[in-house]
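First up is the structure itself, then whatever we jot down about it.
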Amino acid sequence: HKDLSIVLLDIRLPDADGYSLAMEFKRQRPTLPIIAQTAYALQSEFNKSIESGCDDYVTKPIDSNLLIQKMLKFIGKNPER
Numbered sequence: 007h008k009d010l011s012i013v014l015l016d017i018r019l020p021d022a023d024g025y026s027l028a029m030e031f032k033r034q035r036p037t038l039p040i041i042a043q044t045a046y047a048l049q050s051e052f053n054k055s056i057e058s059g060c061d062d063y064v065t066k067p068i069d070s071n072l073l074i075q076k077m078l079k080f081i082g083k084n085p086e087r
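Heads up, the working numbering is the position in the sequence shown plus 6, with the first residue counted as 1.
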């Protein structure tokens, strides 16, 4: 969707794989920032998220202040905005 400025993507979805979705989003819009969210606070999850094209990562329960900080660092960096 061309109106998106950023994506907050849950990695574990009931009907989809968040890693595959991240790769598809980046294939279609390489500069679209993606922040992965997951309940699994493991280094391997972080690494796989980044390797799949996510630009950052947050764990659940989500700290809203941290999420806002992470989102703000991408605002203005996306030439498609």
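No residue lacks a Cβ here, since even glycine has one placed at the ideal position from N, Cα and C. Just so you know, these numbers come straight off a predicted model, no measurement behind them.
query, result
"Same chain, Cβ closer than 6 Å to Lys59, neighbours up to 5 away in sequence not counted", "Here residue 59 turns out to be Gly, not Lys, going by the sequence shown. Within the same chain, Gly59 has close Cβ partners Ala28, Met29 and Lys32."
"Anticipated Cβ contact below 8 Å, Gln49 with Val64, distance rounded", "With a Cβ gap of about 15 Å, Gln49 and Val64 do not count as contacting."
"Continuous alpha helix (DSSP H) stretch holding Ile17: start and end", "From DSSP, Ile17 is part of no alpha helix (DSSP H); its letter is neither H nor E."
"Reference Glu51, options Lys8, Met77, Gly24 and Lys79, closest by Cα", "Gly24"
"Opposing strand residues paired with Asp62 [DSSP bridges]", "Ile41"
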